[in-house]
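Participant:
There are 2 protein chains.
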Amino acid sequence: MIIAVDAVGGDHYPKNPVIGALEATKEDPKLQVMLVGPEKLIQDELNNTDYDKNRVHILHAPEIIGMEESPATAVKSKRSSSITIGISAHKQGECSAFVSTGNTGALLAASTFILGKLEGVLRPTIAATYPTIKGLSLLVDAGANLELKPEMYLQFAKMGSIFSEEIFGIDNPTVGFLNVGEEPDKGTELHKEAFKLLSKMPNFLGNIEGKDILFGKTDIFLTDGFTGNLILKFGESIPDVLKFLLSKTMKEDGVEPDLQKLIFQIIGKSLHTFDYERVGGVPFLGVNGTSLVGHGGSTPAAIKNMILNAAQCVDHKVNSKIVASLNK
Amino acid sequence: MIIAVDAVGGDHYPKNPVIGALEATKEDPKLQVMLVGPEKLIQDELNNTDYDKNRVHILHAPEIIGMEESPATAVKSKRSSSITIGISAHKQGECSAFVSTGNTGALLAASTFILGKLEGVLRPTIAATYPTIKGLSLLVDAGANLELKPEMYLQFAKMGSIFSEEIFGIDNPTVGFLNVGEEPDKGTELHKEAFKLLSKMPNFLGNIEGKDILFGKTDIFLTDGFTGNLILKFGESIPDVLKFLLSKTMKEDGVEPDLQKLIFQIIGKSLHTFDYERVGGVPFLGVNGTSLVGHGGSTPAAIKNMILNAAQCVDHKVNSKIVASLNK
Numbered sequence: 641m642i643i644a645v646d647a648v649g650g651d652h653y654p655k656n657p658v659i660g661a662l663e664a665t666k667e668d669p670k671l672q673v674m675l676v677g678p679e680k681l682i683q684d685e686l687n688n689t690d691y692d693k694n695r696v697h698i699l700h701a702p703e704i705i706g707m708e709e710s711p712a713t714a715v716k717s718k719r720s721s722s723i724t725i726g727i728s729a730h731k732q733g734e735c736s737a738f739v740s741t742g743n744t745g746a747l748l749a750a751s752t753f754i755l756g757k758l759e760g761v762l763r764p765t766i767a768a769t770y771p772t773i774k775g776l777s778l779l780v781d782a783g784a785n786l787e788l789k790p791e792m793y794l795q796f797a798k799m800g801s802i803f804s805e806e807i808f809g810i811d812n813p814t815v816g817f818l819n820v821g822e823e824p825d826k827g828t829e830l831h832k833e834a835f836k837l838l839s840k841m842p843n844f845l846g847n848i849e850g851k852d853i854l855f856g857k858t859d860i861f862l863t864d865g866f867t868g869n870l871i872l873k874f875g876e877s878i879p880d881v882l883k884f885l886l887s888k889t890m891k892e893d894g895v896e897p898d899l900q901k902l903i904f905q906i907i908g909k910s911l912h913t914f915d916y917e918r919v920g921g922v923p924f925l926g927v928n929g930t931s932l933v934g935h936g937g938s939t940p941a942a943i944k945n946m947i948l949n950a951a952q953c954v955d956h957k958v959n960s961k962i963v964a965s966l967n968k
Numbered sequence: 641m642i643i644a645v646d647a648v649g650g651d652h653y654p655k656n657p658v659i660g661a662l663e664a665t666k667e668d669p670k671l672q673v674m675l676v677g678p679e680k681l682i683q684d685e686l687n688n689t690d691y692d693k694n695r696v697h698i699l700h701a702p703e704i705i706g707m708e709e710s711p712a713t714a715v716k717s718k719r720s721s722s723i724t725i726g727i728s729a730h731k732q733g734e735c736s737a738f739v740s741t742g743n744t745g746a747l748l749a750a751s752t753f754i755l756g757k758l759e760g761v762l763r764p765t766i767a768a769t770y771p772t773i774k775g776l777s778l779l780v781d782a783g784a785n786l787e788l789k790p791e792m793y794l795q796f797a798k799m800g801s802i803f804s805e806e807i808f809g810i811d812n813p814t815v816g817f818l819n820v821g822e823e824p825d826k827g828t829e830l831h832k833e834a835f836k837l838l839s840k841m842p843n844f845l846g847n848i849e850g851k852d853i854l855f856g857k858t859d860i861f862l863t864d865g866f867t868g869n870l871i872l873k874f875g876e877s878i879p880d881v882l883k884f885l886l887s888k889t890m891k892e893d894g895v896e897p898d899l900q901k902l903i904f905q906i907i908g909k910s911l912h913t914f915d916y917e918r919v920g921g922v923p924f925l926g927v928n929g930t931s932l933v934g935h936g937g938s939t940p941a942a943i944k945n946m947i948l949n950a951a952q953c954v955d956h957k958v959n960s961k962i963v964a965s966l967n968k
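Protein sequence lines correspond, in order, to chains A and B. The opening residue of the first sequence carries number 641 in the numbering used here; numbering runs sequentially from there. The opening residue of the second sequence carries number 641 in the numbering used here; numbering runs sequentially from there.
1) So if I threshold CB-CB distances at 7 Å, which residues from the region 860-874 of chain B count as touching chain A?
2) Between A/920, A/885 and A/855, which has its C-alpha nearest residue 903 of chain A's C-alpha?
3) Should residue 835 of chain A and residue 842 of chain A be called a contact, given that it needs their Cβ atoms to be closer than 8 Å?
4) Does the region 754-767 of chain B come close enough to the region 919-934 of chain B to have 3 or more Cβ pairs within less than 8 Å?
5) Is there at least one Cβ from chain A nearer than 8 Å to residue 890 of chain B's Cβ?
6) Short of 7 Å Cβ to Cβ, which residues in the region 822-837 of chain B face chain A?
7) How far does the alpha helix (DSSP H) with residue 660 of chain B in it extend, from its first residue to its last?
8) For the region 934-954 of chain B against the region 739-754 of chain B, are there 3 or more C-beta pairs whose distance is under 8 Å?
9) Whole angstroms is fine: what's the gap from residue 955 of chain A's alpha carbon to residue 670 of chain A's?
10) Taking only three categories from DSSP, how would you classify residue 891 of chain B?
11) Tell me whether the region 843-854 of chain A and the region 892-910 of chain B touch, counting them as touching only if at least three CB pairs, one residue from each stretch, are closer than 8 Å.
12) Hey, residue 850 of chain A and residue 857 of chain B: beta-carbon distance below 8 Å or not?
13) For my contact list, residue 727 of chain A and residue 714 of chain A are in at a C-beta cut-off of 8 Å; report their separation, rounded to the angstrom.
14) Should residue 819 of chain B go down as buried or exposed, given a rule of 16 or more other Cβ atoms within 10 Å for buried?
15) Name, please, each residue of chain A whose Cβ falls closer than 7 Å to the Cβ of residue 876 of chain B.
16) Can you list the residues of chain A that residue 783 of chain B reaches, using a CB-CB cut of under 7 Å?
17) Any beta carbon of chain A sitting closer than 8 Å to that of residue 909 of chain B?
18) Give the single residue among B/692, B/695, B/699 and B/661 whose Cα lies nearest to the Cα of residue 678 of chain B.
19) First and last residue of the beta strand (DSSP E) that includes residue 646 of chain B?
20) Have a look at the DSSP bridge pairing and note the partners of residue 703 of chain A.
21) Go to residue 897 of chain B, then tell me how far its alpha helix (DSSP H) extends in each direction, as first and last residue.
22) Reducing DSSP to helix, strand and coil, say where residue 746 of chain B ends up.
23) List, in order along the chain, the chain B residues whose C-beta lies closer than 8 Å to that of residue 705 of chain A?
24) Thinking C-beta only, is residue 665 of chain A closer than 8 Å to residue 645 of chain A?
25) By the three-class DSSP mapping on this structure, what secondary structure does residue 860 of chain A have?
26) Ends of the alpha helix (DSSP H) at residue 959 of chain B?
27) At the level of alpha carbons, what is the spacing between residue 801 of chain A and residue 878 of chain A?
28) By DSSP's criteria, residue 761 of chain A is part of a beta bridge. Which residues make up the other side?
29) Determine which residues of the region 751-782 of chain A have a Cβ less than 7 Å from any Cβ of chain B, and write them out in chain order.
30) What is the DSSP secondary structure of residue 766 of chain A, counted as helix, strand or coil?
31) Looking at the secondary structure, which residues open and close the alpha helix (DSSP H) in which residue 794 of chain B lies?
32) Check each residue of the region 785-800 of chain A: if its Cβ is closer than 7 Å to any Cβ of chain B, include it; give the result in chain order.
33) Would residue 884 of chain B count as contacting chain A if we go by Cβ distances under 8 Å?
34) If you follow the beta strand (DSSP E) that residue 674 of chain A is part of, which residue opens it and which one closes it?
35) Using a C-beta cutoff of 8 Å, does residue 881 of chain A count as contacting chain B?
36) Does the CB of residue 739 of chain A have a neighbour CB from chain B at under 8 Å?
Following this line, the structure appears as structure tokens:
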């Protein structure tokens, strides 16, 4: 299986994507990777390493879409970007999946436009892994669709369930619908309509509240992309906020440096679950192909995990299962 | 000035409201309190204390609205509840304000229905204090209005600014609009429309993101009641989640009990800002009167602070300033 990797996405390219890709080939002997981006840049990086030419390929793409560029404009104007060329190669069957730590909006736009939607899908969605005290839950939608129709909530819940089951290995993952209270009549008319549709899913646990998120009450947190994006970024800020408050308190109290160090070690370990860099990428669910996006700050290990996740999506036939689930 | 206090609201009545009210009279010698609820229950509680009969009054109200009762039904069916009788007394001018730690929805419904709206107000809103590393910000709307029109965002921003200025003493409090990105064109059409209106406010700082909340980027976090409620309850869960994760890590690592105790003390102090019980109540902004609600678990100190906040709202003529601001 060949997985295409955006070599010029994120904050640390080409180094992190290239190293992550090589590590993935070491972990899975059946895997090949196709590094997409400016050829010379990639080759120079590869020359620093000991790589297997039979399993590591380069697909030349001269243009780079920046992290802050407007997605729609960038995809339209940069036809030779790593994102466009990589996803087009996937569309042509030259690789089984495309992964990137680049501009999420551009990736979503290119994936939707070039790969198209799976049969029966109203809208593709972004799922994000979400740290809880029980491990990782899946937040859907994490920012792709700000306004939803009731049927879309149901589709997102189904697609998220399949991903959670196949990639996280959770049997019958539970779905919780983020709302202002637990009762079925909570929320707006839209939420009440969606609740009715969701109630037909056997793994739907009902409405959940803001206080249930970090406690990991369900395996899937279902919400619109507006709320999802806010909750996602809010959660990512927690470790830094805590470290700031702790430093301040310990400084004020004159805590001994050795003890400070020990306390930070314990805090660091406690918050390990919140370290988003250890998580691989997340998929665009509903596109007719396998396209994953990772955090811009991803480490090589995170990129390796994203590549392995992509391979698993293909191996487990996630897309066929989504089509079967939505159209039955 | 007489402040009416719901003696049978929250999780610890009549004790906490009664003690909180007596403490408020001790802190402010000009203040009188009117305890609203079943007369015998209140008198029994008062008999345990040394109170000043000239400054502590009882207003008999035989019925109690429970915390979990449906607000609309409860207000309609229980005409002799402490909430209805207390707010009616305020409407009649028998007291300058009403405060409660009871059922928020019932309080909002009774306040809006009995007191009515201030001139020019489209909808009353609930503001909530929100802990950040810089101190307390104000979250508006905290759950009263799930769906807003652009003009309502502007009114909520104005009302929140006046409260923040008069009660928190912040000069020109900054307003941030919760959104999925900082650029003016982020969010739905509704958000873009609201952004345009908000841009005319001199203290509008623009869009803010989920990651900006705990860092206290602005003095006011403006959002709809759906998102606001989720963000509020999410934030309240953080201290418990941390304590859980820390306990687990320290147990796994076999940290000595004395050191565990010390670490919890430091964490407790660091998270002091997140302790919602230390905060007094929050107002229903936009109603034609002064009505504040506090957390159900409020300590006597929190209730005392809520009573003093209510007196301050009256002293500072918050409502007149709101009317002037909205109608200029």
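The beta-carbon is built from N, C-alpha and C at its ideal position, and this holds for glycine as well.
Facilitator: Taking the structure as given:
1) 866, 867, 869, 870, 871, 872, 873 and 874
2) Here residue 903 of chain A is taken as the residue at index 263 of the first sequence, counted from 1. Closest by alpha carbon: A/885.
3) In the first sequence, residue 835 of chain A corresponds to position 195, counting from 1. In the first sequence, residue 842 of chain A corresponds to position 202, counting from 1. The answer is no: Cβ separation not under 8 Å.
4) yes
5) Locating residue 890 of chain B in the second sequence gives position 250, where the first residue counts as 1. Interface residue, yes.
6) 827 and 828
7) If you number the second sequence from 1, residue 660 of chain B lands on position 20. Start and end: 655-667.
8) yes
9) As a first step, residue 955 of chain A must be located in the first sequence, where it is residue number 315. As a first step, residue 670 of chain A must be located in the first sequence, where it is residue number 30. Rounded to whole angstroms, residue 955 of chain A to residue 670 of chain A spans 12 Å at the Cα level.
10) Position 251 of the second sequence holds residue 891 of chain B. Of the three classes helix, strand and coil, the one that applies to residue 891 of chain B here is helix, per DSSP.
11) no
12) Locating residue 850 of chain A in the first sequence gives position 210, where the first residue counts as 1. Locating residue 857 of chain B in the second sequence gives position 217, where the first residue counts as 1. No, the Cβ-Cβ distance between residue 850 of chain A and residue 857 of chain B is not below 8 Å.
13) Residue mapping note: residue 727 of chain A aligns to position 87 of the first sequence, counting from 1. Residue mapping note: residue 714 of chain A aligns to position 74 of the first sequence, counting from 1. Contact flag wrong, Cβ pair sits at about 13 Å.
14) On the second sequence, position 179 is the one that residue 819 of chain B refers to. Classification of residue 819 of chain B: buried, given that the 10 Å Cβ count is 16 or more.
15) Walking along the second sequence from the start, residue 876 of chain B turns up at place 236. Going along chain A in sequence order, the residues near residue 876 of chain B (Cβ under 7 Å) are 851.
16) Here residue 783 of chain B refers to the residue found at position 143 when the second sequence is read from its first residue. Correct list: 820.
17) Position 269 of the second sequence holds residue 909 of chain B. Yes, residue 909 of chain B counts as interfacial toward chain A.
18) Position 38 of the second sequence holds residue 678 of chain B. That would be B/699, whose Cα lies nearest to the Cα of residue 678 of chain B.
19) Sequence index remark: in the second sequence, residue 646 of chain B carries index 6 (1-based). Here the beta strand (DSSP E) through residue 646 of chain B covers 642-646.
20) Indexing the first sequence from 1 puts residue 703 of chain A at position 63. Its beta-bridge partners are A/721.
21) Residue numbering aside, residue 897 of chain B sits at position 257 when the second sequence is read from its first letter. 897-910 is the extent of the alpha helix (DSSP H) around residue 897 of chain B.
22) Translated into the one-based positions of the second sequence, residue 746 of chain B becomes position 106. Helix, per DSSP.
23) Here the question's residue 705 of chain A lines up with position 65 in the first sequence. Correct list: empty, because the minimum Cβ distance to chain B is about 17 Å.
24) Counting from 1 along the first sequence, the entry for residue 645 of chain A is found at position 5. Counting from 1 along the first sequence, the entry for residue 665 of chain A is found at position 25. No, Cβ-Cβ distance for residue 645 of chain A and residue 665 of chain A is not below 8 Å.
25) Residue mapping note: residue 860 of chain A aligns to position 220 of the first sequence, counting from 1. Residue 860 of chain A: strand per DSSP, three-state reduction.
26) Translated into the one-based positions of the second sequence, residue 959 of chain B becomes position 319. Counting along the chain, the alpha helix (DSSP H) containing residue 959 of chain B begins and ends at 958-967.
27) What you label residue 801 of chain A is simply residue 161 of the first sequence in a count that begins at 1. What you label residue 878 of chain A is simply residue 238 of the first sequence in a count that begins at 1. Each residue's Cα considered, the two are about 27 Å apart.
28) Taking the first sequence and counting its residues from 1, one reaches residue 761 of chain A at position 121. Looking at the DSSP assignment, residue 761 of chain A forms no beta bridge with any residue, so it has no partner.
29) 773
30) Residue mapping note: residue 766 of chain A aligns to position 126 of the first sequence, counting from 1. Note: residue 766 of chain A maps to strand in three-state DSSP.
31) As a working mapping, residue 794 of chain B is identified with position 154 in the second sequence. Element bounds for residue 794 of chain B: 790-807.
32) 786 and 787
33) Position 244 of the second sequence, counting from 1, holds the residue named residue 884 of chain B. Chain A, which has a Cβ nearer than 8 Å to the Cβ of residue 884 of chain B, makes this yes.
34) Taking the first sequence and counting its residues from 1, the one referred to as residue 674 of chain A is at position 34. Start and end: 672-677.
35) Within the first sequence, the letter at position 241 stands for residue 881 of chain A. At least one chain B Cβ lies under 8 Å of residue 881 of chain A.
36) Against the first sequence, residue 739 of chain A aligns to sequence position 99. It does not: the Cβ of residue 739 of chain A has no partner Cβ on chain B nearer than 8 Å.
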